[in-house]
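The structure appears below as structure tokens.
Residue numbers (the numbering used here): 41 to 201.
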């Protein structure tokens with residue numbers, strides 16, 4: 041039986057992406073993403089508050105560089121990726137962190153202060169270019185490339201053929 045490791049999130053960026061470069065010049069970006077389940081009032085009048093969950097997002101290579109240029113705190117983004125857990129030892133204790141390694145990212149909403157981010161500065165430049173941000177590049181890490189090279193399947197059950 042096949043297994044699936046797929047995460048889809050829509051949420052608000054908690055901090056500007058932090059980009060660093062590994063020895064071989066490979067870019068890696070990290071930021072936090074908040075997703076919120078809205079609260080409600082129960083039939084007996086009890087108020088259930090909003091619940092916010094924070095997710096650690098990791099982007100590699102071209103996707104990391106794209107995020108550095110276009111993703112900012114408080115933007116609403118759509119992310120597709122997979123869960124990965126890192127384990128390391130620090131001060132004699134085993135530490136673990138589960139992250140979402142993004143394979144796709146798309147900006148859904150930009151607050152007013154970021155409306156012109158990545159856009160032309162003059163009306164003439166705007167007329168010559170598209171009104172949308174450049175599309176995020178497709179990831180080129182090995183595992184993501186294998187996933188994107190698979191033939192397109194129709195529907196959820198296409199994953200198990």
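In this text, a Cβ means the ideal position worked out from N, Cα and C, and glycines have one as well.
Could you give the distance in angstroms between the alpha-carbon of residue i and the alpha-carbon of residue j?
| i | j | result |
| --- | --- | --- |
| residue 64 | residue 105 | 15 Å |
| residue 120 | residue 48 | 5 Å |
| residue 70 | residue 84 | 43 Å |
| residue 76 | residue 112 | 18 Å |
| residue 59 | residue 44 | 28 Å |
| residue 152 | residue 53 | 15 Å |
May I ask you to report which of helix, strand or coil DSSP gives residue i?
| i | result |
| --- | --- |
| residue 156 | coil |
| residue 101 | helix |
| residue 45 | coil |
| residue 109 | helix |
| residue 60 | strand |
| residue 87 | strand |
| residue 66 | coil |
| residue 92 | strand |
By the 10 Å Cβ neighbour count, where 16 or more other Cβ atoms means buried, how is residue i classified, buried or exposed?
| i | result |
| --- | --- |
| residue 103 | buried |
| residue 140 | buried |
| residue 51 | buried |
| residue 100 | buried |
| residue 55 | exposed |
| residue 110 | buried |
| residue 150 | buried |
| residue 145 | buried |
| residue 97 | buried |
| residue 57 | buried |
| residue 66 | exposed |
| residue 198 | Any reading at residue 198 is ruled out, since the residue's pLDDT is 42, under 50, leaving its predicted position unreliable. |
| residue 88 | exposed |
Looking at the strands, I want to know which residues DSSP matches up with residue i.
| i | result |
| --- | --- |
| residue 146 | 118 |
| residue 52 | 74, 116 |
Residue i: which of the options sits nearest, CA to CA?
| i | options | result |
| --- | --- | --- |
| residue 24 | 62, 136, 117, 134 | Examination of residue 24 is not possible in this model, given that the chain is present from 41 through 201 alone. |
| residue 147 | 107, 134, 124 | 107 |
| residue 115 | 89, 92, 46, 72 | 72 |
| residue 74 | 128, 58, 93 | 93 |
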